[in-house]
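What follows is a set of notes on a single structure, which appears directly below.
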Amino acid sequence: MPDTTANRRLNQTKTILSSVDKMSKNSLEVEIIQKDRLGQIILNRPNKLNALNLSMIQMMIPQIKAWEKSEMIDIILLKHSGGKGFCAGGDVKMVVDLAEAKDPNAAETFRKEYQLEYLIATLHIPFIAIMNGITMGGGVGLSVHAPFRVATENTLFAMPETAIGFLPDVGGSFFLSRLDGQLGVYLGLTGKRLKGVDVLYAGIATHYIPSSHLADLEQCLSRLKSPTYDTINQVLDQFSTDLSHTTFSLAGSSARSIDRCFRHHTIAEVIEAIEKEEACEWTKETLTLLSSMSPTSLKVTLEQIRRGKSMSLTQCFQMEYQLVQKFLGGHDFREGVYSTLVTRSRPNWQPSQLAEVSESKIIQDYFESPSPLDLVFLNQRDFKSYPHHQYMLPSEKDILSIRLSHQQVVDHFVNEYRGKQGVRQKVLDVLNRYMVY
Numbered sequence: 406m407p408d409t410t411a412n413r414r415l416n417q418t419k420t421i422l423s424s425v426d427k428m429s430k431n432s433l434e435v436e437i438i439q440k441d442r443l444g445q446i447i448l449n450r451p452n453k454l455n456a457l458n459l460s461m462i463q464m465m466i467p468q469i470k471a472w473e474k475s476e477m478i479d480i481i482l483l484k485h486s487g488g489k490g491f492c493a494g495g496d497v498k499m500v501v502d503l504a505e506a507k508d509p510n511a512a513e514t515f516r517k518e519y520q521l522e523y524l525i526a527t528l529h530i531p532f533i534a535i536m537n538g539i540t541m542g543g544g545v546g547l548s549v550h551a552p553f554r555v556a557t558e559n560t561l562f563a564m565p566e567t568a569i570g571f572l573p574d575v576g577g578s579f580f581l582s583r584l585d586g587q588l589g590v591y592l593g594l595t596g597k598r599l600k601g602v603d604v605l606y607a608g609i610a611t612h613y614i615p616s617s618h619l620a621d622l623e624q625c626l627s628r629l630k631s632p633t634y635d636t637i638n639q640v641l642d643q644f645s646t647d648l649s650h651t652t653f654s655l656a657g658s659s660a661r662s663i664d665r666c667f668r669h670h671t672i673a674e675v676i677e678a679i680e681k682e683e684a685c686e687w688t689k690e691t692l693t694l695l696s697s698m699s700p701t702s703l704k705v706t707l708e709q710i711r712r713g714k715s716m717s718l719t720q721c722f723q724m725e726y727q728l729v730q731k732f733l734g735g736h737d738f739r740e741g742v743y744s745t746l747v748t749r750s751r752p753n754w755q756p757s758q759l760a761e762v763s764e765s766k767i768i769q770d771y772f773e774s775p776s777p778l779d780l781v782f783l784n785q786r787d788f789k790s791y792p793h794h795q796y797m798l799p800s801e802k803d804i805l806s807i808r809l810s811h812q813q814v815v816d817h818f819v820n821e822y823r824g825k826q827g828v829r830q831k832v833l834d835v836l837n838r839y840m841v842y
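Numbering-wise (the numbering used here), the sequence shown opens with residue 406 and increments by one.
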């Protein structure tokens, strides 16, 4: 019997995606504002949950490049004008329609989007993304690579691409593969949604600030004079809320199950491992989610994230652009988008069963066969680990590398991170989960 909770959550994600397909009545889709030395980019397509289109991307790129060189701007801040969506992704129906018409703007939209996201990741000026609402797909790409990512109680994160016959792109092969343990593989395959403070604990956001504090935060940021990254981090920490009574919904036993089940190298092995877990809400939900996804998307996604772990950011985006071109010419992407946005029906995946999708053929067709178009970036900067990772919560690897007593490890990180909210809770969870004393 299908798990009703998982089905409900999957349907809620599809409702969000379908909202992106409604007509927007606002023509000024990106607003540019300079407030003292703070440059603000405001996404203003609320009726489409600020879904990205080519014109929005083309407005942002030159402005960000100009501000990076300007002596009048010290910080760039990205937010949305209001409503439920920070950015619910790309305008996928528009893209698949372009692809079906053999319009080169389908691939061009992805090329420009990746250039924008790579530019944000490699800027020489502080960039803050305020993820105060639905943050999916392209919205994740605009924020997750920035040095500062602010989640609020309104933040709803997901990478739901396997549900529409696609792959978690926008640098997903880079950031998902660098989350703790197998969390990124789990999020990329299942499209699991994270809310509020969970986005911080997962490593997606660097800070958690109540939305009621955002106006004061912006005012404070605009008054800073030549701030360093450390100064900005301290300001964000000052506006963060007390998290002493919060926990990560995927901590403890859930994290252990995720690591046990999603460490495997084939989807069949992942599913077999989940089925061997003790029956609980998590196992039912996870199996239901995986059973509804495109088999092709699942196998491409797993291979993509595994490869991304050893790649640089440049290599990850280039790999994804090659993969995207294959999906634009395939069946499942259009089928997934239209079943979600138009017919509101269950997708007819081709192939429909995991057993019908050969791993070796996936590697040959998607990863080893070149696509016609290459991706060139707007600068030559590159890295294999985020240069500003110190503003995130400490990673599991960092925590387990300290050979001290339980309490000494907690004290070490609390002091090193200057009392940053969420640090104590995460360190305790990791130590308890690995039974470190």
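The beta carbon of each residue, even a glycine, is placed where N, CA and C say it ideally should be.
All values derive from a computational prediction rather than experimental measurement.
| Asked | Found |
| --- | --- |
| Leu655 in three-state terms, based on DSSP | coil |
| Beta-carbon contacts of Asn377 that lie in its chain and below 6 Å, excluding the five residues immediately before and after | It is not possible to answer for residue 377, since the shown part of the chain is limited to 406 through 842. |
| Contacts around Val835, its chain only, beta-carbon distance under 6 Å, and the 5 residues preceding and following it disregarded | Glu801, Ile804 |
| Where Val435 falls: helix, strand or coil (DSSP) | strand |
| Reference Ile478, options Lys681, Gly577, Pro632, closest by Cα | Pro632 |
| Helix, strand or coil at Tyr743 according to DSSP, with G and I counted as helix | helix |
| Start and end residues, beta strand (DSSP E) containing Leu622 | Counting along the chain, Leu622 falls outside any beta strand (DSSP E), though it belongs to the alpha helix (DSSP H) covering 619 to 627. |
| Simplified DSSP state of Phe782, which is helix, strand or coil | coil |
| As assigned by DSSP and simplified to three states, the class of Leu448 | strand |
| Separation of Pro573 from Pro369, as counted between CA atoms | There is simply no residue 369 to check, as the chain begins at 406 and stops at 842 in what is shown. |
| For His485, the first and last residue of its enclosing beta strand (DSSP E) | 480 to 485 |
| Proximity of Gly586 and Asp508 at Cβ, strictly below 9 Å | no |
| CA nearest to the CA of Met840, picked from Ser654, Phe772, His550, Ser810 | Ser810 |
| Pair within 9 Å by beta-carbon distance, Trp754 and Glu764 | no |
| Beta-bridge partners of Leu599, as assigned by DSSP | Phe562 |
| Best match in Ser697, Met797, Arg823 for proximity to His550 [C-alpha to C-alpha] | Met797 |
| For Arg751 and Ser717, the rounded distance between their alpha carbons | 37 Å |
| DSSP beta-bridge partners of Thr540 | Cys492, Phe562 |
| Segment contact flag, the segment 451 to 471 with the segment 482 to 492, C-beta cutoff 8 Å, min 3 pairs | yes |
| C-alpha distance - Glu686 paired with Gly494, whole-angstrom precision | 28 Å |
| Residue environment, Gly542, which counts as buried when at least 16 other CB atoms sit within 10 Å | buried |
| Exposed unless 16 or more other CB atoms sit within 10 angstroms - verdict on Lys825 | buried |
| Sub-9 Å separation of Pro565 and Tyr791 beta-carbons | no |
| Whole-Å CB distance - Phe532 paired with Ile481, under 8 Å assumed | 5 Å |
| Contact the segment 726 to 739 vs the segment 673 to 692: 3+ CB pairs below 8 Å | no |
| Local conformation of Tyr613 per DSSP, three classes | strand |
| Per DSSP, cross-strand counterpart(s) of Phe532 | Ile481 |
| Beta-carbon separation (whole angstroms), Ile676 vs Leu695, contact threshold 8 Å | 6 Å |
| Nearest candidate by alpha-carbon position, reference Val762, set Thr671, Ser645, Ser578 | Thr671 |
| beta-carbon Gln463 near the ligand COA non-hydrogen atom, thresh 8 Å | By its list of ligands, the structure shown contains no ligand whatsoever, and the ligand COA lies outside what it can speak to. |
| Helix, strand or coil at Lys440 according to DSSP, with G and I counted as helix | strand |
| Burial state of Ile609 (16 or more Cβ within 10 Å) | buried |
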